[in-house]
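Working notes, structure below.
Protein chains in written order, with full-length UniProt numbering: chain V, 1 to 343; chain S, 1 to 343.
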């Protein structure tokens with residue numbers, strides 16, 4: 001059996017683990033609700049427990065290392081989770097040190113949007129391209145940029161914080177404190193909020209019927225738009241315009257070969273695409289207008305697969321590491337893997 | 001004598017040439033008003049004539065190659081000037097081919113903002129940094145990004161078109177057709193326009209006295225602000241806010257180690273800096289707030305020096321080229337230089 005990577009995608013809601021093969025195939029998956037309020041030790045305990053489950057179920061697996069993604073801000077080179085807003089009690093947690101000591105394996109860390117960008121680039125919608133911008137549109141908006149064969153990190157790995165790019169002077173204040181962030185006007189949350197304001201409980205609208213007269217979510221808007229609901233179609237149009245403005249900026253700033261849209265709202269990609277395209281046609285300078293905008297292909301596996309690829313494909317970020325596809329087994333498996341980097 | 005590069009900075013108004021040494025020193029300079037309306041052949045004739053002047057004045061110069069910058073859009077790898085709006089009759093001009101055939105020397109081409117970014121990074125305000133974003137604020141706004149030791153090019157060399165990043169929904173329509181471009185609200189032109197609207201010919205304001213009752217320019221605003229004029233100080237505050245919003249986006253998107261501000265408006269950098277800083281403090285996420293924003297150091301030589309460095313320091317963009325600092329002369333000078341790349 002070829003070598004596998006243990007991969008973890010640490011989200012504010014769910015902690016996912018997987019054994020991933022070198023071709024991006026997911027050999028096994030586990031998950032658990034993240035104990036997001038319990039601090040870093042508890043969550044690291046969950047990671048160790050899930051790893052134990054995966055390894056117990058696949059005792060024959062030769063694990064080359066652990067690829068891990070977590071919410072930003074984090075420093076991928078130093079291997080430190082700086083302080084994600086969705087995880088209480090995480091402050092400068094040296095996750096690579098902790099996990100590599102626990103498992104005696106190489107560990108790589110990347111922020112979740114960057115890992116998903118890598119996953120989509122290597123195994124998903126961006127296969128074969130030289131560069132891409134991955135945009136995840138969900139509760140918030142995040143992004144990752146692949147250029148010249150690697151993640152564009154910037155200082156401290158903090159590049160591509162695209163959700164907090166100012167694109168307008170209007171709209172609700174963003175949780176970050178600014179007005180006009182891409183995320184504040186174009187996330188799934190923003191779309192749901194507009195739909196909720198447009199309707200009222202008991203008004204008989206399709207949006208409220210779908211939401212059981214509760215707050216309307218982006219998912220309800222997409223569902224209602226598919227049914228031809230006029231309100232929902234207008235909301236989708238406005239959403240596509242905001243996405244188109246943000247995407248146009250990404251084209252002008254990064255000039256990627258393609259933009260890949262993922263996240264929950266990618267479920268409505270077919271409905272949004274015409275409006276996104278029209279806005280780009282209208283606003284982008286001519287040389288950027290023909291860049292494809294495509295939906296993500298890996299869904300919620302993108303982060304796991306991208307994180308695994310940090311182990312199986314190359315050592316980025318951080319020190320040299322490139323685990324060879326090694327058919328041998330032996331007592332010095334890890335030493336071999338490390339030597340392979342310097343070969 | 002060590003080798004020099006011939007460098008040209010082709011602007012819509014002025015064509016500048018220089019002989020540049022390996023340490024960035026400018027050994028000789030020439031310039032001429034660009035025959036911008038006369039088409040590419042006429043302007044290429046001007047380049048050849050200026051080269052002749054420089055070489056005639058410095059017959060002992062050992063020229064290793066020609067580094068050239070020109071307005072975008074251009075394709076640095078293919079060596080093609082695609083069609084700058086400020087130069088009539090330039091459509092897909094293969095400038096590298098033309099000049100290398102003319103001179104029998106290696107030629108490198110880069111867009112002007114990228115060349116200036118390289119110049120400031122190697123010899124100016126960004127010396128010693130690992131990454132920077134260079135922003136030129138003048139008639140328009142342009143930019144160049146250096147990361148991991150080279151220009152961030154993107155597809156067709158079109159990355160960092162930061163002037164056409166949408167940052168608001170208000171203001172005058174940009175020449176590109178969109179509303180809310182960084183350039184449309186924050187360029188020197190935009191500042192001058194606001195000052196012109198705020199005042200009227202004959203109103204006795206300092207701004208109009210400085211402009212001789214004509215249109216007020218950004219330069220007049222800076223001059224009046226230095227004299228303590230209240231109108232001008234308010235205009236500077238508003239300008240700094242717009243620059244701060246744009247710079248915050250650049251921090252979030254590229255996460256550079258520093259931002260270098262050049263262009264005509266950098267003459268007012270000391271007046272603008274407090275307002276830029278305050279806006280960044282207010283809008284940037286905490287991890288980005290301590291990134292230095294500094295004025296450019298090379299002035300209008302940045303493009304020339306950066307273009308020269310393409311020849312003298314490395315082959316970027318395009319094919320391998322690294323002209324050795326070669327004290328020998330001999331008949332096969334260029335062959336030697338090419339071989340040095342593969343050594």
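Cβ atoms here follow ideal geometry from the backbone N, Cα and C, with glycine treated the same way.
Item to check | residue 257/S: contacting residues in chain V (beta-carbon distance under 7 Å) | outcome: 155
Checklist entry - If you count every other CB in all the chains shown that lies within 10 Å of the CB of residue 164/V, and 16 or more means buried, which is it? => result buried
Item to check | For residue 21/S, the first and last residue of its enclosing alpha helix (DSSP H) | outcome: Counting along the chain, residue 21/S falls outside any alpha helix (DSSP H), and DSSP gives it neither H nor E.
Checklist entry - When we look at the beta-carbon of residue 9/V and count the other beta-carbons within 10 Å, is it buried (16 or more) or exposed? => result buried
Checklist entry - Can residue 111/S and residue 71/S be called in contact, C-beta distance under 9 Å? => result yes
Checklist entry - Of all Cβ atoms in chain V, is any one closer than 9 Å to the Cβ of residue 114/S? => result no
Checklist entry - DSSP on residue 270/S, reduced to helix/strand/coil? => result helix
Next on the checklist: Relative to the C-alpha of residue 61/S, which candidate in 134/S, 52/S, 73/S has its C-alpha closest?
Outcome noted: 52/S
Checklist entry - Do we get a CB-CB distance below 9 Å when we pair residue 239/V with the residues of chain S? => result no
Checklist entry - Can you name, in chain order, every residue of its own chain whose Cβ lies under 7 Å from the Cβ of residue 347/V, other than the five neighbours on each side? => result Nothing can be reported for residue 347/V, as the shown portion of chain V is limited to 1 through 343.
Item to check | Residues near residue 317/S by beta carbon distance below 8 Å, same chain, minus five either side | outcome: For residue 317/S, the predicted model reports a pLDDT of 49, less than 50, meaning its position is unreliable; a value from the coordinates is still stated below. Here the set comprises 76, 77, 108, 109, 110, 151, 153, 157, 310.
Next on the checklist: Need the endpoints of the beta strand (DSSP E) that residue 67/S sits in, please.
Outcome noted: 63 to 70
Item to check | 9 Å Cβ cutoff met for residue 192/S and residue 217/S | outcome: yes
Next on the checklist: Rounding to the nearest angstrom, what Cα-Cα distance links residue 66/V and residue 17/V in this structure?
Outcome noted: 10 Å
Item to check | Alpha carbon of residue 190/S to alpha carbon of residue 272/S, nearest angstrom | outcome: 15 Å
Next on the checklist: For a test of the three-state rule: what should DSSP assign to residue 280/V, helix, strand or coil?
Outcome noted: helix
Checklist entry - When burial is assigned at 16 or more other CB atoms within 10 Å of the CB, is residue 185/V buried or exposed? => result buried
Next on the checklist: Just verifying my parser: in three-state terms, what is the DSSP assignment at residue 77/V?
Outcome noted: coil
Checklist entry - In chain order, what residues of the same chain lie with their CB nearer than 7 Å to the CB of residue 270/V, ignoring the 5 residues before and after it? => result none
Checklist entry - Near residue 401/S, which residues of its chain fall below 6 Å by C-beta distance, leaving aside the five closest residues on each side in sequence? => result In the structure as shown, chain S begins at 1 and stops at 343. Residue 401/S is therefore absent and cannot be evaluated.
Next on the checklist: Would residue 292/V and residue 245/V qualify as a contact pair, given that the criterion is a beta-carbon distance under 9 Å?
Outcome noted: no
Item to check | Chain-ordered residues of the stretch 159 to 175 of chain S with a beta carbon less than 8 Å from chain V | outcome: 159, 160, 161, 162, 164, 165, 166, 167, 168, 169, 170
Item to check | Segment limits, alpha helix (DSSP H) that includes residue 110/V | outcome: Element bounds for residue 110/V: not the alpha helix (DSSP H) but the beta strand (DSSP E), 107 to 111.
Item to check | Where the stretch 83 to 100 of chain S meets chain V: residues whose CB sits under 8 Å from a CB there | outcome: none
Item to check | One or two residues paired with residue 166/V in a DSSP bridge | outcome: 181/V
Item to check | Residue environment, residue 346/S, which counts as buried when at least 16 other CB atoms sit within 10 Å | outcome: No answer is possible for residue 346/S: it lies beyond the span of chain S, which begins at 1 and ends at 343.
Next on the checklist: At the 9 Å Cβ level, is residue 245/S part of the contact set with chain V, yes or no?
Outcome noted: yes
Checklist entry - Any idea which residues DSSP pairs residue 91/V with across the strands? => result None; residue 91/V has no bridge partner.
Item to check | Where the beta strand (DSSP E) containing residue 134/S begins and where it ends | outcome: 131 to 137
Checklist entry - Can you tell me whether residue 91/V is buried or exposed, with buried defined as 16 or more other CB within 10 angstroms of its CB? => result exposed
Checklist entry - Shorter than 9 Å from the beta carbon of residue 126/S to some beta carbon of chain V? => result no
Next on the checklist: Please report whether the beta-carbon of residue 73/V lies at a distance below 9 Å from any beta-carbon of chain S.
Outcome noted: yes
Checklist entry - Apart from the five residues just before and just after residue 249/V, which ones in its own chain have a Cβ nearer than 7 Å to its Cβ? => result 165, 167
Checklist entry - So with Cβ pairs under 9 Å, would you call residue 199/V a contact of chain C? => result Absent from the structure: chain C. Protein chains present are V and S.
Checklist entry - Is the CB of residue 189/V under 9 Å away from at least one CB in chain S? => result no
Next on the checklist: Given a cut-off of 9 Å on the beta-carbon distance, is the pair residue 236/V and residue 268/V in contact?
Outcome noted: yes
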